[in-house]
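Some notes on the structure that comes next.
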Amino acid sequence: MLLFQIFRCPWLLITVLVPCYGSLKPGFSQLQRGHRLDRKLIQSFTEVSFLDCVTECMVTPRCESVNYFKGANYCEINYENKTTAETNYMDSAGWVYSERGHWPKELAGACSNSTCEINQTCKHKRYSEENFFECVLSDCGIPDQKGINLNKTRREDAIGLRRRIHASCADRYSKSGSGRLNCQSNGEWKYNIVCEVLKREMQNIIRGLLPELDYSVPFQSEKFCFIVLMLAEDMTFMGYEAYRAKKFSETHLLQL
Ligand SMILES: *[C@@H]1O[C@H](CO)[C@@H](O)[C@H](O)[C@H]1NC(C)=O
Ligand SMILES: *[C@@H]1O[C@H](CO)[C@@H](O)[C@H](O)[C@H]1NC(C)=O
Ligand SMILES: *[C@@H]1O[C@H](CO)[C@@H](O)[C@H](O)[C@H]1NC(C)=O
Ligand SMILES: *[C@@H]1O[C@H](CO)[C@@H](O)[C@H](O)[C@H]1NC(C)=O
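Residue numbers (mature numbering (1 follows the signal peptide of the UniProt record, and there is no 0)): -22 to -1, 1 to 234.
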């Protein structure tokens, strides 16, 4: 995008590219070949050069790093880097990983001075007198709904406009809905997931009882039935303890 513009104005080619090329060295020398940062995608682009991919990152305030697949000229821009998302940084043949901080700010051209918001991206405007750039919506932000777990999203999931994410619920939350989150073109998520916290007593009971159950023995199911009952009728822990005491005395009285 940037290079395309530059080729249309030869004088820019001289004033921008000459000082620029020297400062591109640190970027190229710190490329991580055979690596990729997984599952932190803002947006992906096809048919772009590597430098255009880096430029796309530079004009997007949320972007921290890029993955580039040379064979297909495929570009991914990420909202984290390998320092903040180290477990997502992995070997991946054919890919190149690069960080925003290794490239000169000037690569963003007029956008290097933009004041775009975190959920926007800066676009160069070719024919305009006052502004050389404009800020347009880029993504829906990182979903932060209570209880949501983004650790098991799919590889193609992204937070950019018109993309989607497959989410799950954190431990001790129950999930309803398909789990899909769609980023709408107005920059807002459409959540098809609700994560509800299980009641505290319920958690304690279930945590305490499940390990005691021996599933290989038929009709070990008394406790299991009670878990179901409690879930259905909101019975408290005291209720179960009382029941257990009653049962205990009944069976022991019978035995006597
Ligand atoms: C990684 O990203 C964080 C913010 O998300 C930033 O503070 C840090 O400088 C970045 N690390 C590198 C090496 O660029
Ligand atoms: C950005 O702002 C700085 C200082 O205000 C200025 O020196 C520089 O030329 C500007 N860069 C662009 C590309 O407009
Ligand atoms: C997701 O994984 C990170 C790092 O592995 C961990 O710190 C975090 O607690 C996990 N989040 C959930 C909701 O499980
Ligand atoms: C984009 O971010 C700004 C502040 O960072 C916020 O005020 C605005 O509501 C966000 N837009 C959308 C569509 O979420």
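Beta carbons: idealized from backbone N, C-alpha and C, even for Gly. The structure displayed is predicted, hence computed values, not measured ones.
For residue 96 against residue 55, the beta-carbon gap comes to about 14 Å, at or over 8 Å, which does not count as contact.
Ranked by how close their Cα comes to the Cα of residue 133, the residues 110, 43, 124, 145 have 145 in first place. Residue burial is scored here from C-beta neighbours: residue 155 has fewer than 16 other C-beta atoms within 10 angstroms and is therefore classed as exposed. Here residue 112 has 101, 103 as same chain residues with Cβ atoms under 7 Å from its own Cβ, once five neighbours each way along the sequence are excluded. The alpha carbon of residue 87 has as its nearest neighbour, out of 35, 69, 45, the alpha carbon of 35. Under the DSSP assignment, residue 111 falls in the beta strand (DSSP E) whose first and last residues are 111 to 115.
In terms of Cβ geometry, residue 32 and residue 92 do not form a close pair [threshold 8 Å]. At least 8 Å separates the beta-carbon of residue 128 from that of residue 60. Look at which beta carbons fall closer than 7 Å to any heavy atom of ligand 1; those residues are 42, 58, 59, 61, 62, 77, 78, 79.
Beta-bridge partners assigned by DSSP to residue 45: 54, 75.
When C-alpha distances from residue 4 are compared across 58, 10, 176, 80, the shortest belongs to 80.
Rounded to whole angstroms, the gap between the alpha carbons of residue 52 and residue 29 is 12 Å. Under DSSP, residue 167 shares a beta bridge with 161.
Taking the Cβ of residue 112 as the reference point, every heavy atom of ligand 4 lies at 7 Å or farther away. With 16 or more other CB atoms across the displayed protein chains lying within 10 angstroms of its CB, residue 18 is buried.
Distances between the C-beta of residue 66 and the heavy atoms of ligand 4 are all 7 Å or more. Checking the 7 Å criterion, the Cβ of residue 164 is within range of a heavy atom belonging to ligand 4. Set against 7 Å, the gap from the CB of residue 115 to the closest heavy atom of ligand 4 is smaller. For ligand 4, no non-hydrogen atom lies closer than 7 Å to the CB of residue 20.
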